[in-house]
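Here is the structure we will look at.
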Amino acid sequence: MTDQSKIQEAADRLWQAWETGVPGAPIRDLLDDGDVDAAYAVQEINTKRWLGGEERILSGRKIGLTSKAVQKQLGVDQPDYGLLFADMEVMDGEEIAQNRLHQPKVEAEIAYVIAAPLTGQFITMVDLLASIGYVVPALEVVGSRVADWDIRITDTIADNASSGLYVLGQSPKRVGDFDQRMCGMVMFRNNQPVSVGAGAACMGSPLNATLWLARTMAAAGRPLGPGDVVLSGALGPMVAAEPGDVFEARINGLGSVRAAFAKE
Numbered sequence: 002m003t004d005q006s007k008i009q010e011a012a013d014r015l016w017q018a019w020e021t022g023v024p025g026a027p028i029r030d031l032l033d034d035g036d037v038d039a040a041y042a043v044q045e046i047n048t049k050r051w052l053g054g055e056e057r058i059l060s061g062r063k064i065g066l067t068s069k070a071v072q073k074q075l076g077v078d079q080p081d082y083g084l085l086f087a088d089m090e091v092m093d094g095e096e097i098a099q100n101r102l103h104q105p106k107v108e109a110e111i112a113y114v115i116a117a118p119l120t121g122q123f124i125t126m127v128d129l130l131a132s133i134g135y136v137v138p139a140l141e142v143v144g145s146r147v148a149d150w151d152i153r154i155t156d157t158i159a160d161n162a163s164s165g166l167y168v169l170g171q172s173p174k175r176v177g178d179f180d181q182r183m184c185g186m187v188m189f190r191n192n193q194p195v196s197v198g199a200g201a202a203c204m205g206s207p208l209n210a211t212l213w214l215a216r217t218m219a220a221a222g223r224p225l226g227p228g229d230v231v232l233s234g235a236l237g238p239m240v241a242a243e244p245g246d247v248f249e250a251r252i253n254g255l256g257s258v259r260a261a262f263a264k265e
């Protein structure tokens with residue numbers, strides 16, 4: 002197992018990058034090779050820092066690495082998770098200031114808003130479906146505190162699953178109103194299509210990814226509960242964002258959502 006002092010050093014390295022806005026070196030050199038548990042321990046140290054300062058409020062969770070191709074690239078066989086905070090939320094179409102960003106990339110997702118707690122040792126798909134209050138389209142602006150996105154699995158987990166900001170659509174639907182698996186997605190950048198996909202690209206269905214998350218978070222002692230937002234994973238390839246860019250994702254049966262980046 003990775004030494005606790007190295008876990009703390011990794012957390013401090015990422016914390017400094019977060020506070021200064023200057024991406025730093027990867028942290029994987031500080032952790033034993035492939036030590037996912039140590040990476041989550043790093044994530045937890047900085048989560049407690051954020052929550053302990055009473056400046057941030059937990060608003061949900063995000064799922065990463067839902068693509069089989071990306072999992073293979075990073076040498077893992079399951080997704081990862083990070084935590085969402087209320088100050089990460091951006092209103093649909095609201096201009097995003099450059100000083101809020103860390104090497105931003107954008108991906109389109111389906112977001113579930115939880116209405117009932119998901120606790121216990123045996124959470125089923127029926128439990129999950131009954132717990133979902135509504136569904137909205139979402140754009141996640143992922144960011145990395147590691148310079149040049151030079152990441153492996155332990156880097157991204159430790160860095161809160163490379164989370165940054167998120168935008169939710171404003172026309173909620175019920176979970177049974179559209180086909181989660183077959184819904185098509187097109188994401189536009191400045192009115193040009195740059196990413197396409199479908200619900201099936203996310204672990205076969207975004208609901209499959211969300212069930213994995215519900216079980217994982219219950220086991221980790223941070224179960225999903227009422228009001229939690231779940232960003233369920235990318236429906237298509239992520240795309241780098243530049244100053245002045247405007248992104249819009251359209252998901253069949255669910256609607257659209259936009260993210261606008263300031264020019265300066």
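Taking my numbering, the leading residue of the sequence shown gets 2, the next gets one more, and so forth. Ideal Cβ placement from N, Cα and C applies to all residues, glycine included. Only a predicted model underlies this, so the values are computations on that prediction, with no experimental measurement involved.
From residue i to residue j, what distance separates their C-alpha atoms?
i	j	result
G35	G144	21 angstroms
R50	M218	19 angstroms
T125	A109	26 angstroms
A263	T21	20 angstroms
Q1	E265	With the chain running from 2 to 265 in the structure shown, residue 1 is simply not present.
P80	A202	13 angstroms
A18	K7	17 angstroms
V91	I111	16 angstroms
A131	D229	14 angstroms
V231	V168	12 angstroms
S60	D151	28 angstroms
K73	I154	11 angstroms
A215	M183	22 angstroms
K174	G237	21 angstroms
So is residue i in contact with chain D if we call contact Cβ pairs under 8 angstroms?
i	result
S164	The chain labelled as chain D is not found in the depicted structure, where only one protein chain is given.
Under the assumption that residue i contacts residue j (Cβ atoms under 8 angstroms), give the Cβ distance between them as a whole number of angstroms.
i	j	result
I115	G134	7 angstroms
G254	D178	7 angstroms
Q181	G200	5 angstroms
Y41	K63	So it is not a contact: roughly 14 angstroms between Cβ atoms.
L129	T67	Not a contact, Cβ separation roughly 16 angstroms.
V107	A242	5 angstroms
G121	G256	Incorrect: roughly 33 angstroms between the Cβ atoms, too far for contact.
A250	L140	6 angstroms
A26	D33	Actually they are not in contact, since the Cβ atoms of A26 and D33 sit about 17 angstroms apart, beyond 8 angstroms.
Provide the residue(s) that pair with residue i in DSSP beta bridges, ordered along the chain.
i	result
G25	V147
Y167	E90, E141
P194	F189
F248	R190, A260
Compare the C-alpha of residue i against each of the options and name the closest.
i	options	result
M188	P207, P118, P138, R175	P138
D88	A210, A18, A112, L166	L166
D78	W213, G61, P27	W213
L85	Q5, P173, A162, D4	A162
G234	L59, R259, E96, V142	V142
A261	I97, V71, Q9	I97
L102	S164, A39, A117	S164
S172	R259, M183, R216	R259
G245	F123, N191, S196	N191
M239	Q104, P227, D156, V23	Q104
Notebook entry, point to check: Mind pulling the beta strand (DSSP E) runs of 3 or more residues that sit fully within the region 63-138?
Noted result: The qualifying runs are 81-86, 106-115.
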